[in-house]
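In order, the protein sequences belong to chains A and B. For the first sequence, this note's numbering gives the first residue as 377, with consecutive numbering after it. For the second sequence, this note's numbering gives the first residue as 540, with consecutive numbering after it.
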Amino acid sequence: QLQLQESGPGLVKPSETLSLTCSVSGGSISSSSHYWGWIRQPPGKGLEWIGSVYYSGSTYYNPSLKSRVTISVDTSKNQISLKLNSVTAADTAVYYCARETAGSAAGDYWGQGTLVTVSS
Amino acid sequence: QSALTQPASVSGSPGQSITISCTGTSSDVGGYNYVSWYQQHPGKAPKLMIYEVSKRPSGVPDRFSGSKSGNTASLTISGLQAEDEADYHCSSYTSSNTWVFGGGTKLTVL
Numbered sequence: 377q378l379q380l381q382e383s384g385p386g387l388v389k390p391s392e393t394l395s396l397t398c399s400v401s402g403g404s405i406s407s408s409s410h411y412w413g414w415i416r417q418p419p420g421k422g423l424e425w426i427g428s429v430y431y432s433g434s435t436y437y438n439p440s441l442k443s444r445v446t447i448s449v450d451t452s453k454n455q456i457s458l459k460l461n462s463v464t465a466a467d468t469a470v471y472y473c474a475r476e477t478a479g480s481a482a483g484d485y486w487g488q489g490t491l492v493t494v495s496s
Numbered sequence: 540q541s542a543l544t545q546p547a548s549v550s551g552s553p554g555q556s557i558t559i560s561c562t563g564t565s566s567d568v569g570g571y572n573y574v575s576w577y578q579q580h581p582g583k584a585p586k587l588m589i590y591e592v593s594k595r596p597s598g599v600p601d602r603f604s605g606s607k608s609g610n611t612a613s614l615t616i617s618g619l620q621a622e623d624e625a626d627y628h629c630s631s632y633t634s635s636n637t638w639v640f641g642g643g644t645k646l647t648v649l
């Protein structure tokens, strides 16, 4: 059974960089059939797609976040990572990683999510 | 990219059918058959219920169905059950090779 687990600091100071890791178990992140992505959800609000990465390293980002986001893949560790710089309180959210089957544009497996609060 | 438009809330009684709409543009919903629907219970991760407009992943009851007409996609739940009470989110592939979500709809089972 495929499992995704997000990890990282739960509190980040304004203007600093938010860094999260998503560890994948029960399957290979090097699958040519899947993309791996990050989605976030501010408290009480809807979902927002942040971006996706392919095992080759190709990335796709939300235009509204593109200037601040980096998503990367580490096939040796079966992990993907998210870095979001210059954070503000508006970046406070639950951050999810998810698997997308190529060609479906749908997240079929999701991590449990991790709350990141931006505050001094 | 602008978020897709969903009603903030819908409600129905057990056994009834409800439909949730998701309106976008020709650059997303109307341009591609890549609309997905997710169910999210409080404090839980979203669960994929419908993909590619009308396909159901294994294990999703056939009470859940999806459709699309023009720039509007719809999720219909028939034979409403208490456990269907949740938030529902739609998403679509876009012409920019990105995803866009709707604002989410809270379903209340009366």
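Glycine included, every Cβ here is placed at the ideal spot set by N, Cα and C. Just so you know, these numbers come straight off a predicted model, no measurement behind them.
Of all residues in the segment 426 to 444 of chain A, only Y436, N438, P439 come within less than 7 Å of chain B when Cβ atoms are compared, listed by chain position. Chain A places a beta carbon closer than 8 Å to that of P585 (chain B), counting this residue as a contact. One finds nothing in chain B with a Cβ atom closer than 9 Å to the Cβ of L378 (chain A); even the nearest lies about 13 Å away. What Y472 (chain A) touches in chain B, judged by beta-carbon distance under 7 Å, is A584, going in chain order.
For S399 (chain A), no Cβ of chain B is located within less than 8 Å of the residue's own Cβ. For the segment 471 to 494 of chain A, residues whose beta-carbon sits nearer than 7 Å to a beta-carbon of chain B comprise Y472, S480, A481, A482, G483, D484, W486, G487, Q488, G489.
At the C-beta level, P439 (chain A) and T544 (chain B) stay beyond 8 Å of one another. Using a Cβ-Cβ distance cut-off of 8 Å, the segment 586 to 594 of chain B and the segment 481 to 490 of chain A are in contact, since at least three pairs of beta carbons, one from each stretch, lie closer than that value. DSSP, reduced to helix, strand and coil, places D601 (chain B) outside both helices and strands of the structure shown, so it counts as coil. If the five residues before and after L423 (chain A) are omitted, its C-beta is found closer than 7 Å to the C-beta atoms of I415, Q417, all from its own chain and listed in chain order. Separation of Q578 (chain B) and V599 (chain B) (C-alpha to C-alpha, rounded to the nearest whole angstrom) is 11 Å. The beta carbon of S457 (chain A) lies closer than 6 Å to those of T397, S448 in the same chain, with the five residues before and after it left out. For L423 (chain A), the nearest beta carbon of chain B is closer than 8 Å to its own beta carbon. With respect to chain A, the C-beta atom of Q578 (chain B) has no partner C-beta closer than 8 Å.
Per DSSP, the beta bridge partners of Q578 (chain B) are B:K586, B:Y627. Cβ neighbours of T464 (chain A) within its own chain (closer than 7 Å, five residues either side excluded): P390, V494. In chain order, G422, E424 make up the part of chain A whose C-beta sits under 9 Å from the C-beta of A542 (chain B). From the beta-carbon of N636 (chain B), the residues of chain A found nearer than 8 Å are Y436. Per DSSP, the beta bridge partners of T615 (chain B) are B:T558, B:S604.
The criterion of a C-beta distance shorter than 8 Å is not satisfied by S613 (chain B) and G563 (chain B). For D467 (chain A), same chain residues with a beta-carbon under 7 Å away, outside a window of 5 residues either side, are L394, L460, V494 in chain order. The residue among B:Q555, B:S575, B:G569 with its C-alpha nearest the C-alpha of R602 (chain B) is B:Q555.
Residue contact check for E591 (chain B) against chain A: a CB pair falls below 8 Å. When DSSP reads this structure, A469 (chain A) sits in a beta bridge with A:V492.
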